[in-house]
Amino acid sequence: MKTIHNKAFVACRMPGNREAVFLSATTVEAYASLEEISLSVQGFIMAPFKAGEDCPVFVFTDFLSKSFDPKEWLALNSAVKSQGEISYNREEYFRAFETVKKALDRGDADKVVLARCVRMSSEAVDLRDVFARACEDYPDCYVSLIEIEGYGAWITASPELLYGCHGGQGHTVAVAATMLWSEYVAGRQWSGKEVAEQQIVAQYIREKLTLNRLDFREEETTSVKAASLAHIKTAFTINNPKNSDTLNILKFLHPTPAVSGFPTQKAVDIVELAEGMGSRRYYAGFSGFVNHPLYETECYVSLRFMEADQSGNLNFYAGGGIM
Numbered sequence: 087m088k089t090i091h092n093k094a095f096v097a098c099r100m101p102g103n104r105e106a107v108f109l110s111a112t113t114v115e116a117y118a119s120l121e122e123i124s125l126s127v128q129g130f131i132m133a134p135f136k137a138g139e140d141c142p143v144f145v146f147t148d149f150l151s152k153s154f155d156p157k158e159w160l161a162l163n164s165a166v167k168s169q170g171e172i173s174y175n176r177e178e179y180f181r182a183f184e185t186v187k188k189a190l191d192r193g194d195a196d197k198v199v200l201a202r203c204v205r206m207s208s209e210a211v212d213l214r215d216v217f218a219r220a221c222e223d224y225p226d227c228y229v230s231l232i233e234i235e236g237y238g239a240w241i242t243a244s245p246e247l248l249y250g251c252h253g254g255q256g257h258t259v260a261v262a263a264t265m266l267w268s269e270y271v272a273g274r275q276w277s278g279k280e281v282a283e284q285q286i287v288a289q290y291i292r293e294k295l296t297l298n299r300l301d302f303r304e305e306e307t308t309s310v311k312a313a314s315l316a317h318i319k320t321a322f323t324i325n326n327p328k329n330s331d332t333l334n335i336l337k338f339l340h341p342t343p344a345v346s347g348f349p350t351q352k353a354v355d356i357v358e359l360a361e362g363m364g365s366r367r368y369y370a371g372f373s374g375f376v377n378h379p380l381y382e383t384e385c386y387v388s389l390r391f392m393e394a395d396q397s398g399n400l401n402f403y404a405g406g407g408i409m
């Protein structure tokens with residue numbers, strides 16, 4: 087563990103809430119892996135897709151917090167003041183796709199999630215405005231802005247709960263497949279591929295909870311709305327989990343097949359071969375509260391993700407499942 091004595095803050099808005107929470111800190115703990123973190127940890131966590139020395143798990147344990155209305159930040163000017171070149175290497179993505187396709191053809195995995203990154207250079211970005219607008223555009227999603235001086239800033243608007251625990255009841259979800267909500271309302275049916283993709287995630291969670299001897303129940307699979315998109319979702323409720331279970335549950339759930347593939351380790355190996363090791367950084371990781379005395383536990387997968395790096399670039403990430 088390394089203690090970073092840099093200014094840092096978090097703004098996060100939970101799904102369905104009008105108010106957001108602002109956390110400010112002058113020290114942040116950085117860990118090379120989730121295994122290094124104490125099971126009794128309390129605070130706010132941000133984890134990458136795959137942790138390491140150059141891409142650590144950040145934990146806020148000592149911070150000041152207050153509630154606020156995100157609309158207060160809308161008056162801070164437009165999101166992008168000066169836009170530069172947008173870059174995306176299409177040929178590189180095609181090569182990565184071929185790597186994944188060959189692995190699937192060999193039977194190395196049943197599903198692999200391939201991600202890509204679009205980069206935009208910008209001289210000035212009002213990240214607080216971006217956060218506030220995301221809160222408006224994604225009322226049913228978890229929205230967060232995390233900034234650590236010297237490391238960068240990250241914004242996510244995610245419909246996918248990795249793990250939450252409130253009032254002695256734990257919760258997780260299997261979310262996968264995507265179509266426009268307007269298409270779903272108009273009567274478009276989920277394809278066999280989309281249904282199978284979501285069921286892989288549900289089966290993974292089902293098996294993990296069973297193997298770890300947790301008492302749980304599974305809800306009926308439904309279609310849910312996230313802004314202008316529809317997804318397939320299965321919710322799971324865990325009965326009476328302990329706070330000491332929290333970090334272990336996060337560790338065995340992350341990364342789910344929704345962001346990696348299945349079987350998990352084989353899919354992660356293929357992802358690293360196709361995309362390059364460390365290419366995702368904090369995209370497809372997770373963030374949220376862990377065992378906090380007031381906010382309890384609520385961690386979401388880092389989707390609909392933007393990174394503002396130290397070079398002045400905005401990196402936009404997205405991924406899709408290949409079966």
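Just so you know, we're using the working numbering here: the sequence shown kicks off at 87 and counts up by one.
Even for Gly, the Cβ is constructed at its ideal location relative to N, Cα and C.
Asked, Found
"Contact between the region 105 to 115 and the region 149 to 160 is defined here as three or more beta-carbon pairs at a separation below 8 angstroms; is this criterion met?", "yes"
"Note the first and the last residue of the continuous beta strand (DSSP E) segment covering I335.", "Segment 332 to 339 is the alpha helix (DSSP H) holding I335; no beta strand (DSSP E) there."
"In the DSSP output, what is W240 paired with across the bridge?", "I232, E393"
"Are there three or more Cβ pairs, one per stretch, closer than 8 angstroms when the region 228 to 240 is compared with the region 92 to 106?", "yes"
"Check whether the Cβ atoms of G254 and T383 lie closer than 7 angstroms to each other.", "no"
"What's the call for K197, buried or exposed, on a 16-neighbour Cβ count within 10 Å?", "buried"
"Just how far apart, CA to CA, sit P341 and I131?", "15 angstroms"
"I'd like to check one pair, V345 with V143: are the Cβ atoms closer than 7 angstroms?", "no"
"Determine the extent of the alpha helix (DSSP H) in which K294 is found, giving its start and end residues.", "278 to 297"
"Looking only at C-alpha atoms, which of S208, P101, C141, Q285 sits nearest to G407?", "Q285"
"When the Cα of N325 is compared with those of K337, R192, L300, which residue comes out closest?", "L300"
"Return the chain-ordered list of same chain residues with a C-beta closer than 6 angstroms to the C-beta of K88, the five sequence neighbours on each side being excluded.", "A116"
"Which partner residues does A321 have in the DSSP bridge list?", "V259"
"With contact counted as at least three CB pairs below 8 angstroms, one residue from each stretch, are the region 181 to 189 and the region 351 to 359 in contact?", "yes"
"Mind checking which residues open and close the beta strand (DSSP E) that includes A137?", "Per DSSP, A137 belongs to no beta strand (DSSP E) and is neither H nor E."
"When you compare only the Cα positions, how much space is there between A282 and G193?", "17 angstroms"
"Please check the pair F322 and T258, which I expect to be a contact at CB under 8 angstroms, by giving their CB distance rounded to whole angstroms.", "5 angstroms"
"Which one of T308, A394, A370, S330 has the shortest CA to CA distance from H378?", "S330"
"Should S244 be labelled buried (16 or more other beta-carbon atoms within 10 Å of its own) or exposed?", "buried"
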